[in-house]
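Residue numbering for the sequence shown follows numbering that gives the first Met the number 0, starting at 0 and increasing by one per position. In this text, a Cβ means the ideal position worked out from N, Cα and C, and glycines have one as well.
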Amino acid sequence: MVSIKDVRRSNSRLTEKPSGMVAVFVGATSGIGLSTLKQFAKYSNAPKVYVVGRSKQSATPLLHELEVLNPKGTFIFVETEISLIKNVDAVCEEIKTNEQKLDLVFVSPGFLSVEGRKETSEGIDMYSSLSYYARLRIVHNLIPLLSTSLNPRVVSILAGGNENVIDINDLELRKNYSLVKAANTAATQMTLAFEELAKSYPMISFCHVYPGLVATDIITKFMGTFKGIWALPAMLARWTLIPVLHRLATTVDEAGERGLFVATSAKYPPAKPKDPQEVGVALPDGVEVAKSSVVKDGMGNGVYRLSKDSEGVENEADSILAGYRLDQVDTRIWEQTLEVWKAALEKCES
0 MVSIKDVRRS NSRLTEKPSG MVAVFVGATS GIGLSTLKQF AKYSNAPKVY VVGRSKQSAT
60 PLLHELEVLN PKGTFIFVET EISLIKNVDA VCEEIKTNEQ KLDLVFVSPG FLSVEGRKET
120 SEGIDMYSSL SYYARLRIVH NLIPLLSTSL NPRVVSILAG GNENVIDIND LELRKNYSLV
180 KAANTAATQM TLAFEELAKS YPMISFCHVY PGLVATDIIT KFMGTFKGIW ALPAMLARWT
240 LIPVLHRLAT TVDEAGERGL FVATSAKYPP AKPKDPQEVG VALPDGVEVA KSSVVKDGMG
300 NGVYRLSKDS EGVENEADSI LAGYRLDQVD TRIWEQTLEV WKAALEKCES
């Protein structure tokens with residue numbers, strides 16, 4: 000376990016790194032993403048940050064707060080509905096037009112609902128898009144800029160270490176949808192897709208994080224999606240169960256501190272760093288490099304499945320992932336992802 004004391008010690012050293020880090024934060028107008036963004040603004044040395052979200056007007060107070068936290072920083076809000084692949088492409092083109100390099104992509108958009116499969120106008124399940132398809136599209140599109148950074152990193156806040164058995168014949172969950180199946184599928188796809196990308200881009204670190212129970216408002220919003228006879232029990236739970244859960248949960252502030260640690264620490268090096276001396280903020284005494292999702296001949300693949308304590312995960316999901324790699328399910332997932340992206344763009348053009 001990485002103690003919160005070591006996390007804070009590492010984060011405070013970020014001020015010593017060279018100025019001018021460029022980062023993209025998606026899903027950072029609330030929850031863990033927002034908390035991490037504030038920590039990044041607080042400790043980075045004159046950063047340039049693109050904040051992608053739905054409403055620039057609503058984000059105006061946030062942008063002011065970021066400017067107060069770091070007067071030397073540049074904070075740009077990009078307004079869009081990020082669940083749509085066409086919008087992802089437009090945002091990424093805007094960033095690629097304006098930047099020569101990118102150091103960090105931090106993605107954490109998402110929501111929970113009991114309303115079942117709800118498709119975007121491009122035909123993708125909304126939950127699956129925000130948790131996987133749109134997220135991965137952002138990363139994929141921005142790899143050219145990440146590849147020019149001395150220490151590029153991707154962080155996805157979702158469910159690293161919680162991968163599970165999935166229906167490889169129904170990856171889009173069109174036949175038998177449930178929120179649990181959607182969550183398992185997104186988590187497993189994300190890890191295996193990161194591993195595919197890491198094969199071609201070993202100079203980039205890919206971190207898939209499960210933050211555990213965090214005292215955000217996502218569960219409160221989730222309870223609000225219950226209808227009919229379930230609406231009253233859900234309302235009662237909002238007033239009774241959720242306050243208890245929040246007392247047991249990690250605070251949003253600590254989750255943000257750990258988010259920044261994962262985004263910047265040398266604990267998570269890429270498989271083949273451009274400069275072994277520049278893989279992040281130096282480790283505090285006693286903190287060791289994390290274990291990659293795949294280690295072969297003593298070398299990690301630069302993909303990290305991380306638990307709420309910021310350590311690499313070793314659990315029963317390892318055997319599931321190993322079987323999928325052996326059966327080339329990772330390749331199948333990647334090919335299917337490309338097909339979903341293509342179909343989405345063709346639908347919006349028709």
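C-beta atoms of residue i and residue j nearer than 8 Å
{"i": "Ser18", "j": "Tyr42", "result": "no"}
{"i": "Val87", "j": "Arg136", "result": "yes"}
{"i": "Cys91", "j": "Arg152", "result": "no"}
{"i": "Lys273", "j": "Leu145", "result": "no"}
{"i": "Thr250", "j": "Lys307", "result": "no"}
{"i": "Gly159", "j": "Arg304", "result": "yes"}
{"i": "Gln38", "j": "Gly255", "result": "yes"}
{"i": "Glu310", "j": "Met0", "result": "yes"}
{"i": "Leu157", "j": "Met189", "result": "yes"}
{"i": "Ser34", "j": "Ser82", "result": "no"}
{"i": "Lys346", "j": "Glu121", "result": "yes"}
{"i": "Ala343", "j": "Ile84", "result": "yes"}
{"i": "Gly52", "j": "Phe76", "result": "yes"}
{"i": "Ala192", "j": "Ile332", "result": "yes"}
Cβ neighbours of residue i in the same chain (closer than 6 Å, five flanking residues each side left out)
{"i": "Lys341", "result": "none"}
{"i": "Tyr126", "result": "Ala181"}
{"i": "Glu78", "result": "Lys55"}
{"i": "Glu48", "result": "A quick correction: the sequence has Val, not Glu, at residue 48. These residues qualify, in order along the chain: Ala22, Phe74."}
{"i": "Val154", "result": "Phe105, Cys206, Val261, Ala262"}
{"i": "Met20", "result": "Ser43, Pro46, Asp102"}
{"i": "Leu61", "result": "none"}
{"i": "Ser204", "result": "Arg152, Tyr267, Pro269, Gly301"}
{"i": "Arg116", "result": "Asp124, Tyr176"}
{"i": "Ala133", "result": "Ile81, Ser82, Val87"}
{"i": "Thr147", "result": "Lys100"}
{"i": "Val243", "result": "Note that Val243 scores a pLDDT of 48, beneath 50, so its modelled location is shaky and nothing firm can be said."}
Cβ neighbour criterion (16 or more within 10 Å) applied to residue i
{"i": "Thr187", "result": "buried"}
{"i": "Thr336", "result": "buried"}
{"i": "Gln99", "result": "exposed"}
{"i": "Val50", "result": "buried"}
{"i": "Asp329", "result": "buried"}
{"i": "Leu141", "result": "buried"}
{"i": "Gly285", "result": "exposed"}
{"i": "Thr119", "result": "buried"}
{"i": "Glu15", "result": "exposed"}
{"i": "Ser57", "result": "exposed"}
{"i": "Ser2", "result": "exposed"}
{"i": "Gly322", "result": "exposed"}
{"i": "Val294", "result": "exposed"}
{"i": "Pro179", "result": "The question names Pro, yet the displayed sequence has Val at residue 179. Answer is exposed; the Cβ neighbour count stays below 16."}
{"i": "Ala185", "result": "buried"}
{"i": "Leu36", "result": "buried"}
CB-CB length for residue i against residue j, believed under 8 Å
{"i": "Glu194", "j": "Val302", "result": "5 Å"}
{"i": "Ile94", "j": "Val6", "result": "With a Cβ gap of about 29 Å, Ile94 and Val6 do not count as contacting."}
{"i": "Met202", "j": "Pro269", "result": "5 Å"}
{"i": "Ser130", "j": "Ala27", "result": "Ser130 to Ala27, Cβ: 16 Å. No contact."}
{"i": "Glu171", "j": "Asp124", "result": "7 Å"}
{"i": "Asn161", "j": "Tyr209", "result": "6 Å"}
Residue i: first and last residue of the uninterrupted beta strand (DSSP E) it sits in
{"i": "Gly52", "result": "47-52"}
{"i": "Leu305", "result": "302-305"}
{"i": "Ser120", "result": "Per DSSP, Ser120 belongs to no beta strand (DSSP E) and is neither H nor E."}
{"i": "Glu78", "result": "73-78"}
{"i": "Ala22", "result": "21-25"}
{"i": "Leu103", "result": "103-106"}
{"i": "Ser29", "result": "Where Ser29 is concerned, there is no enclosing beta strand (DSSP E), given that its DSSP letter is neither H nor E."}
{"i": "Arg152", "result": "152-156"}
{"i": "Val208", "result": "204-208"}
Close-in-space but distant-in-sequence residues of the same chain around residue i (CB under 7 Å, 5 per side omitted)
{"i": "Val288", "result": "Lys266, Pro268"}
{"i": "Ser9", "result": "Phe260, Ser264, Val280, Pro283"}
{"i": "Asn183", "result": "Asn163, Ile165"}
{"i": "Asp252", "result": "Ser34"}
{"i": "Leu13", "result": "Tyr42, Ser43, Thr263, Val280"}
Range of the contiguous alpha helix (DSSP H) that encloses residue i
{"i": "Val1", "result": "Unbroken run through Val1: none, as it is neither H nor E."}
{"i": "Asp326", "result": "Here Asp326 belongs to no alpha helix (DSSP H), and DSSP marks it neither H nor E."}
{"i": "Asn97", "result": "84-97"}
{"i": "Thr263", "result": "251-263"}
{"i": "Ser57", "result": "55-68"}
{"i": "Gln188", "result": "178-199"}
{"i": "Arg134", "result": "133-145"}
Chain B contact for residue i (CB, 8 Å cutoff)
{"i": "Met298", "result": "This model lacks chain B altogether; it includes just one protein chain."}
Cβ shell of residue i (< 8 Å), same chain only, five flanking positions each side left out
{"i": "Asn69", "result": "Ala40, Lys41, Ser43, Ala45, Pro46"}
{"i": "Gly72", "result": "Ala40, Ser43, Ala45, Pro46, Lys47, Val48, Leu65, Glu66"}
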